[in-house]
Amino acid sequence: MVLPGLLCGLGLLCPGQGGGGVSASVAATCKTLGTLYPAEVLLPNTKSYETETTAHWASNAILPPGCILTPSTPKIASTMLHHLTTTSTPFSIRSGGHSNNPSFSSIQNGILLSLSSLRRITLSPETNTVLLDSGLRWGEVYSHLSPLGFTVAGGRAESVGVGGLSLGGGISFYAYTVGFGCDNIVGYLVLLPSSEIKEVTATSDPELFRALKGSGGRFLVVLAFRYRLIQIDDQAEGKVWGGMTYSTGLSIPGVLRETARFNAAGPVDEDSHLISTVGMVAGVVDIALTITVHTKLPGKGETPEVFKPFRKAQGLGTTTSALLGIPAKKLGPARIEEISDGQSPDFVYGKRQIMKQLTVSNPDEEYLSECVKVMKKEFFGLSAGKGAMVTLSFIPLGKVISKGRKQNVMGIENRDRLMSVHFNVIWDKERIDEEVYEAVDKAIGRLVEEAKGRGIWERWVYMNYAMFDQDVIASYGEEERGFLRGVERRVDPDGVWKRLVKGGFKISE
Ligand SMILES: Cc1cc2nc3c(=O)[nH]c(=O)nc-3n(C[C@H](O)[C@H](O)[C@H](O)COP(=O)(O)OP(=O)(O)OC[C@H]3O[C@@H](n4cnc5c(N)ncnc54)[C@H](O)[C@@H]3O)c2cc1C
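Heads up: the sequence shown is residues 1083 to 1591, going by my numbering.
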C-alpha cells in the first residue's frame, strides 16, 4: 500500500473500488463532502456504497465512482453541486439507473450524484397535478396514485426511474391519448450549473421549459417533475385492462401481421396500447410476446375489440408462458402497478444489456418479417454459441405524439403512423461486449437500409431506447439542435456540463 498512498499524497491517483483508481482531487472532494454530510456521502469499502454502485439495471453500465452523493433535499443537492463545480470534479447523474449505456449514469474516476433519496410524491388535486421527485421509480408512483383513482403518463415498467424516462420523452400506456410523458409535464424543479434552484414552467421560462422535453437534461439536474394527473376510468378500483401474453414461434407471423394492421389503423382505438416482441434464445426465434393494455375497462370477462385478433393469433398464449417457465400475467382488470410489475423481470436484472432503436413510418407485415430475418441472421452466433438472449420490439406510437404541436424538442411533428423498432440484447460475459455492440450496430444498420429502400425510414431516434453511439439530438433536426444549443449556452454559459458530465447524448461538443 506504500506506492498507492504515495501517489495519492502527490495528488495523482488514489486507490478505488473494483480496480478503478480515483484522482487525488476526486478523493479530496469526497472527503470534504463526506465530512459535511456523513449520512449522504457513500464512501468506498462500505456496504451502502457497494449497493448503490451496483444499483443499475444492466451490469455493463456499472462503473466504480470515487464516492456517491445521495442528497436528501434540494438544498443539500445544491451545496453538493456547488462543491463539484468549484473543484472541477467530473460527475455523473443517476435517477433509476436504467440506462444500459456505460458512463451515462455511472462514472469512473469521478463522483456519482445519485438522486435515489429524493422520493417525495406531492399531490395537488386543486391544480390536477402531482410533483414527483426524480429518484422515484414508476412502480412507487402508480402504487401511490391508483388507489386514489389517478395515474400519470409514466413508464410501463415499474423499476424504471422517473428522472431519465421523463427527460428522454417517455412512452406510457396512455401514449395514444396524451402523447409523450414529457408533453404532460407542466413544471420542473431544476438545479442549474450555477447551483441555483429554480422552478421552470411554460410561463416562467418557456424556452428552458420546452428544452427539457426530450433533450435528456444535458445542462442541469432536474430535481422534480410536475405531471398532469390522469383520471383512471375505473375510479373505484383504480384499474385498467391488460397484461402480457407469450406464445411460441408458430404464432409469430400472425402477431406481426396484426401488429402492422394495428399500427396502420392509427391505431383505431386510442385507449389501447401495444408492444409486440419477438424473442430469440439459444439461436432459435421462438417466442412472441404481446403487452396489450386498454385504459377503459371492457365488460366483465371480455377482451377489448381491438385486441381480439391478437388473441386469435396467439392462441393459448398464457398457457404457453407457463411451458416456457415465464410467470404468466393474466389478461384482465389490473392496477397499472401490477401490469408494470412484469415489464422488468428479475431474471434479466443485473445482466449485461444494450438497446438500439430506429423509427419507421407505417411499416407493413413484410417489413416486420424482414426485421425478424435480420435478427436471426445477425444474432445467431451470439445467441446459439454465446448464450445471448435477443428481443426485437415493435411499438406503435399513435397519432398524438406527432400532432403538429411543438411542445417538445424531438422534431416529429405531423409524421405518419410511426412505429419504434428496437433490439435489446442480454448477455453474461464482459469479454463479448464489443462483439455484441457490433452485432447490434450491424443489425440496426440493416433495418435502416431496408426501411430506406421501402421509403419508410424516419430520421427520429428515440433517446430512451438509443445506444451510446447514436446521435439522438441530430435526429431531432437542425432547427431543434440549434434551439437546444442556444438554451445550453444560456443555462450553462461556462460549459460546466460539457467539461464535467461525460455521459448522455450530446447537444454539442
Ligand atoms: C426494463 C426497462 C423498461 C423500460 N420501459 C420504458 C417505457 O415504458 N417507456 C419509455 O419511454 N422508456 C422505457 N425504458 C427506457 C428508459 O426510459 C430509459 O432507460 C431511461 O433513461 C431510464 O431512466 P432512469 O432514471 O431509470 O435512468 P438513469 O440511468 O438513472 O438515467 C438515464 C440518463 O438520464 C440522466 N438523468 C437521469 N435523471 C436525471 C435528472 N434528474 N437530471 C438530469 N439528468 C438525469 C442520466 O444522467 C442518464 O444520462 C425502459 C428501460 C428498461 C431497461
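No residue lacks a Cβ here, since even glycine has one placed at the ideal position from N, Cα and C.
Here the structure is a predicted model, which means the values were calculated and not measured.
Three-state secondary structure (DSSP) of residue i
{"i": "T1161", "result": "helix"}
{"i": "M1457", "result": "helix"}
{"i": "Y1256", "result": "coil"}
{"i": "A1416", "result": "strand"}
{"i": "I1596", "result": "Within the shown structure, residues of the chain are numbered from 1083 to 1591, placing residue 1596 beyond reach of any answer."}
{"i": "L1200", "result": "coil"}
{"i": "D1265", "result": "helix"}
{"i": "I1480", "result": "As written in the sequence, residue 1480 is Gly, which differs from the Ile given in the question. Looking at G1480 - three-state DSSP - the assignment turns out to be coil, as it is neither helix nor strand."}
{"i": "G1469", "result": "coil"}
{"i": "D1368", "result": "strand"}
{"i": "N1506", "result": "strand"}
{"i": "V1242", "result": "coil"}
{"i": "V1360", "result": "strand"}
{"i": "S1443", "result": "strand"}
{"i": "R1497", "result": "coil"}
{"i": "Q1435", "result": "strand"}
{"i": "I1589", "result": "coil"}
{"i": "L1273", "result": "strand"}
{"i": "V1430", "result": "helix"}
{"i": "S1354", "result": "strand"}
{"i": "V1375", "result": "strand"}
{"i": "S1154", "result": "coil"}
{"i": "G1100", "result": "Below a pLDDT of 50, predicted positions are generally treated as unreliable, and G1100, at 41, falls in that range; no measurement from the model is reported."}
For residue j and residue i, the rounded distance between their alpha carbons
{"i": "L1218", "j": "G1237", "result": "11 Å"}
{"i": "K1588", "j": "L1566", "result": "10 Å"}
{"i": "L1290", "j": "A1306", "result": "15 Å"}
{"i": "V1442", "j": "I1514", "result": "30 Å"}
{"i": "R1176", "j": "D1351", "result": "36 Å"}
{"i": "V1522", "j": "G1564", "result": "30 Å"}
{"i": "E1418", "j": "E1520", "result": "Checking the sequence shown, residue 1418 turns out to be Ile, not Glu. The straight-line gap from Cα to Cα measures roughly 36 Å."}
{"i": "K1459", "j": "A1293", "result": "40 Å"}
{"i": "G1299", "j": "L1249", "result": "6 Å"}
{"i": "L1205", "j": "Y1224", "result": "12 Å"}
{"i": "P1086", "j": "H1355", "result": "A caution first: P1086 carries a pLDDT of 46, below 50, which makes its placement in the model unreliable, though a value can still be read off. Going from the Cα of P1086 to the Cα of H1355 covers about 56 Å."}
{"i": "A1395", "j": "W1509", "result": "30 Å"}
{"i": "S1228", "j": "V1578", "result": "40 Å"}
{"i": "K1390", "j": "V1491", "result": "36 Å"}
{"i": "S1277", "j": "T1168", "result": "10 Å"}
{"i": "R1571", "j": "G1269", "result": "21 Å"}
{"i": "G1586", "j": "S1185", "result": "8 Å"}
{"i": "G1231", "j": "V1518", "result": "43 Å"}
{"i": "H1138", "j": "I1193", "result": "16 Å"}
{"i": "K1295", "j": "G1251", "result": "6 Å"}
{"i": "A1235", "j": "Q1435", "result": "25 Å"}
{"i": "F1255", "j": "T1374", "result": "9 Å"}
{"i": "P1288", "j": "L1582", "result": "26 Å"}
{"i": "S1107", "j": "V1366", "result": "51 Å"}
{"i": "S1590", "j": "E1560", "result": "12 Å"}
{"i": "A1525", "j": "E1208", "result": "49 Å"}
{"i": "A1342", "j": "E1532", "result": "16 Å"}
{"i": "L1115", "j": "A1121", "result": "10 Å"}
{"i": "R1393", "j": "K1113", "result": "59 Å"}
{"i": "Q1552", "j": "A1109", "result": "33 Å"}
{"i": "S1154", "j": "G1178", "result": "15 Å"}
{"i": "N1266", "j": "I1555", "result": "21 Å"}
{"i": "P1146", "j": "F1550", "result": "19 Å"}
{"i": "V1084", "j": "K1511", "result": "Only weak support is given to the placement of V1084: the predicted model assigns it a pLDDT of 45, under 50, and the value that follows is read from those uncertain coordinates. If I take the Cα positions, the gap works out to 34 Å."}
{"i": "E1132", "j": "S1199", "result": "16 Å"}
Anticipated Cβ contact below 8 Å, residue i with residue j, distance rounded
{"i": "L1163", "j": "V1303", "result": "7 Å"}
{"i": "C1149", "j": "L1125", "result": "5 Å"}
{"i": "G1261", "j": "I1538", "result": "Rounded, the Cβ-Cβ distance is 22 Å, inconsistent with contact."}
{"i": "D1315", "j": "L1379", "result": "6 Å"}
{"i": "N1546", "j": "N1444", "result": "N1546 to N1444, Cβ: 22 Å. No contact."}
{"i": "V1053", "j": "L1529", "result": "Outside the shown range of the chain, which is 1083 to 1591, sits residue 1053, and nothing can be said about it."}
Residue i Cβ short of 7 Å to ligand 2 heavy atom set
{"i": "R1581", "result": "As for ligand 2, it is missing from this structure, which binds only ligand 1."}
8 Å Cβ cutoff, residue i in contact with chain D
{"i": "R1581", "result": "The chain labelled as chain D is not found in the depicted structure, where only one protein chain is given."}
Start-end ranges of the alpha helix (DSSP H) lying completely within the stretch 1276–1342, minimum 4 residues:
The stretch 1276–1342 contains these whole alpha helix (DSSP H) runs: 1288–1293.
Runs of alpha helix (DSSP H) lying entirely within the stretch 1533–1577, each at least 4 residues, in chain order:
1560–1573
Whole alpha helix (DSSP H) runs in the stretch 1103–1146 with 4 or more residues, listed along the chain?
1106–1118 and 1129–1135
Which runs of the alpha helix (DSSP H) fall wholly inside the stretch 1165–1229 and span at least 4 residues, in chain order?
Listed in chain order, the complete alpha helix (DSSP H) runs (minimum 4 residues) inside the stretch 1165–1229 are 1220–1227.
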